[in-house]
Amino acid sequence: MATLLDFKKELEGVTHSALHLVFAGATESHLIADQIAKANVGVILAPLRPNPQFWDQIRYVPGPPLSQHTALQILRKAGVTVGLGSSSMIVTQAWDVPNTRFDLGWAIADSNGTLNNYQALALSTTNLKKLYRLPDLDTDFVAYRGGDAFGYTSKPVAVISAEREKNDLFE
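Residue numbers (the numbering used here): 7 to 177.
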């Protein structure tokens, strides 16, 4: 990542044009968070709560209870635009995407009060839109019963979709 940041700076100096760069996966991005922010590079954390499987991944931040902070907190504090990817960068399981709301719930729980529901929701919506430079689209409204969108006991009961011009009720 550090080499790519150096390359980006050098290329922008030669071409006088900004290079749009986003790091995906990036479980060790917290180590150079200030440089990433200064270079105006975004990060898509995937997974949000990493579990190292190889020796070269040993420098990850485990988060509570093993460490006070998470990679997400460190990156956000440095001013990096952060998005949340699925558990793996390639969605291989049907449960991967629907469980994003639970990952966001973990992000809130692990944040020590530095991340609210709106900021958490942005990790998987507006921040990804910004990082991927996606156009504005009509958004759907989802209503939950039994808690908020990030709770384990809540479930969606209605979806209002402007794009599909359709309302769905699930009860």
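All C-beta atoms in this analysis are idealised placements derived from N, C-alpha and C, irrespective of residue type, glycine included. Keep in mind it's a predicted model, so treat the numbers as computed, not measured.
In the three-state reduction of the DSSP assignment, F156 falls in the coil class.
Counting C-beta atoms within 10 angstroms of its own C-beta, H22 has fewer than 16 neighbours from the protein chains shown and is therefore classed as exposed. Spatial neighbours of Q74 in its own chain (CB-CB distance under 8 Å, excluding positions within 5 residues in sequence) are listed in chain order as N118. Distance from the CA of N123 to the CA of L78, rounded to the nearest whole angstrom, comes to 15 Å.
Counting along the chain, the unbroken beta strand (DSSP E) around V49 starts and ends at G48 to L51. Membership of N173 in the beta strand (DSSP E) is indicated by the continuous run K172 to L175.
Counting other Cβ atoms within 10 Å of its Cβ, P56 reaches 16 or more and is therefore classed as buried.
Excluding the 5 residues flanking it on each side, G48 has same chain C-beta neighbours closer than 6 Å at V28, T87 and L137, in chain order. In the three-state reduction of the DSSP assignment, A8 falls in the helix class, which pools H, G and I.
K83 is the residue among V67, K83, K161 and T106 whose C-alpha sits nearest the C-alpha of T120. A direct Cα-Cα distance of roughly 19 Å separates A52 from L140.
In chain order, I38 place their CB closer than 6 Å to the CB of A8, counting only its own chain and leaving out the 5 sequence neighbours on each side. Minimum Cα-Cα distance from F176 among the listed residues E16, V163 and S167 corresponds to V163. Annotation for G89: the continuous beta strand (DSSP E) segment containing it runs V88 to L90.
The beta carbon of V148 sits closer than 6 Å to those of P162 and V165, all from its chain and outside the five residues before and after it, given in chain order.
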